[in-house]
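Peer 1: Pasting in a structure now, in structure tokens, and then I'll have a few things to ask.
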Amino acid sequence: MTHAPLKLVVSGPVGAGKTTFVQTLSQTPVVATEAEASEDIGKASTTVAFDFGTLHLDGQDVHLYGTPGQDRFSFMWEVLCEGALGLVLLVAGDRPQDFLHARNILEFITSRIPVPFLVGVTRQDQPRVWHPADVALYFGLPEEQVVGLNATDPLQAQLLLARLLEFTLASQLRP
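For reference, each letter of the sequence shown is one residue, going 111 to 285 in the numbering used here.
Below, the structure is given as structure tokens:
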């Protein structure tokens, strides 16, 4: 019996680590829609539609979709989250100036699509980075809903994914 693939979405501001996170987890080459940045966003290229990767987890296919981070591509946030099992919102822990934008992305998505989510605080391997507990306080979330990670570390990415799946299952079992 074949199961439909699980759909997980990774979102967040520009430079939060979405493409890196999808690349770290994917067991297949990632389809990326990178284009040269047309405005100063702090890097040369940016995702303009989505990133797509896959992994096989205990007999189940998982499709990973990374969203663009710029507001002008916000229509993709809703499109990609439709039918998603869960959402990872990434924020760069060394860029608190992006936290408000991250919160706006989260509110935009969750106000339209009721999807269980975790917040991942990237760049935990860097100096002067916000700790997950402080980010949870900023977002008004329980500490267990915010996880610190280095998006280039496969084990940390897998642990965040496992936590999201546990959180998603727990939210589906609540009355």
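No residue lacks a Cβ here, since even glycine has one placed at the ideal position from N, Cα and C. Bear in mind that the values here come from a model prediction, so they are computed numbers and not experimental data.
Express the C-alpha separation of residue 278 and residue 227 in angstroms, rounding to a whole number.
Peer 2: 8 Å
Peer 1: In terms of residue numbering, what span does the beta strand (DSSP E) encompassing residue 121 cover?
Peer 2: 116 to 121
Peer 1: Rounded to whole angstroms, what's the CA-CA distance from residue 252 to residue 131? Just pull it up for me.
Peer 2: 23 Å
Peer 1: Between which residues of its own chain and residue 268 is the CB-CB distance below 8 Å, once the five residues before and five after are set aside?
Peer 2: Residues of the same chain with a CB within less than 8 Å of the CB of residue 268, apart from the 5 flanking positions on each side, are 135 in chain order.
Peer 1: Keeping to the same chain, check which residues put their C-beta closer than 8 Å to that of residue 170; ignore five residues upstream and five downstream.
Peer 2: 113, 115, 116
Peer 1: Using alpha carbons as the reference points, say which of 265, 262, 240 lies closest to residue 256.
Peer 2: 240
Peer 1: With distances taken from CA atoms, which of 198, 249, 209, 247 is nearest residue 270?
Peer 2: 198
Peer 1: Give the straight-line distance between the Cα atoms of residue 222 and residue 229, rounded to the nearest whole angstrom.
Peer 2: 18 Å
Peer 1: Is it buried or exposed for residue 272, if we count other Cβ within 10 angstroms and need 16 for buried?
Peer 2: exposed
Peer 1: Classify residue 250: buried if its beta carbon has 16 or more other beta carbons within 10 angstroms, exposed otherwise.
Peer 2: exposed
Peer 1: Need the endpoints of the beta strand (DSSP E) that residue 135 sits in, please.
Peer 2: Counting along the chain, residue 135 falls outside any beta strand (DSSP E), though it belongs to the alpha helix (DSSP H) covering 128 to 135.
Peer 1: According to DSSP, which residues form a beta bridge with residue 162?
Peer 2: 141, 175
Peer 1: Do residue 212 and residue 225 have their beta-carbon atoms positioned less than 7 Å apart in this structure?
Peer 2: no
Peer 1: Around the Cβ of residue 168, are there at least 16 other Cβ atoms within 10 angstroms (buried) or fewer (exposed)?
Peer 2: Flag for residue 168 reads exposed.
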